[in-house]
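This report refers to the structure that appears directly beneath it.
Residue numbers (my numbering): 1 to 135.
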């Protein structure tokens with residue numbers, strides 16, 4: 001089972017405090033060990049944006065282990081369709097979130113996120129969210 005890990009999940013994993021329990025980071029670690037995580041270019045860009053110069057090189061090298069899943073023209077078009085449909089229904093979604101949804105729907109991938117907006121989005125478009133164990 002492969003899934004797309006959203007930027008917020010990656011951030012929890014990458015910034016985890018080793019002295020405290022973090023269920024999101026622990027689940028991400030489990031998924032990485034299972035080789036279940038795929039990367040999208042826009043998520044990589046979000047993770048690398050705003051990172052301090054010294055940390056940037058280190059993070060860039062670490063993330064290169066995860067090649068980008070190729071995006072197709074249909075992904076961009078479907079993301080725009082989702083945006084328009086959700087806007088008509090009063091639901092907000094960012095460009096990146098809806099691109100994640102479009103790719104996940106086309107490739108039948110789950111999305112691992114802690115962003116609650118995806119719960120609203122899931123009610124309107126065909127995506128599946130990965131749940132933490134015990135949820």
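Think of the CB as a built atom: it goes at the ideal place given N, C-alpha and C, for glycine as much as any other residue.
Keep in mind that this is a model prediction, so the values were computed, not measured.
Test item: CB-CB of residue i and residue j under 9 Å
i: residue 9; j: residue 114; result: yes
i: residue 104; j: residue 3; result: yes
i: residue 111; j: residue 6; result: yes
i: residue 69; j: residue 107; result: yes
i: residue 129; j: residue 27; result: no
i: residue 124; j: residue 78; result: no
For residue i, the three-state DSSP class (helix, strand or coil)
i: residue 91; result: coil
i: residue 107; result: helix
i: residue 98; result: helix
i: residue 133; result: coil
i: residue 128; result: strand
CB contact check: residue i to chain B, cutoff 9 Å
i: residue 74; result: Among the chains of the structure shown, chain B does not appear; only one protein chain is present.
Start and end residues, alpha helix (DSSP H) containing residue i
i: residue 32; result: 23 to 33
i: residue 53; result: 53 to 63
i: residue 114; result: Counting along the chain, residue 114 falls outside any alpha helix (DSSP H), and DSSP gives it neither H nor E.
i: residue 47; result: 41 to 48
Buried versus exposed, by CB contacts within 10 Å (16 or more), residue i
i: residue 44; result: buried
i: residue 119; result: exposed
i: residue 93; result: buried
i: residue 83; result: buried
i: residue 34; result: exposed
i: residue 48; result: exposed
i: residue 74; result: exposed
i: residue 53; result: exposed
N- and C-terminal bounds of the beta strand (DSSP E) containing residue i
i: residue 3; result: 3 to 5
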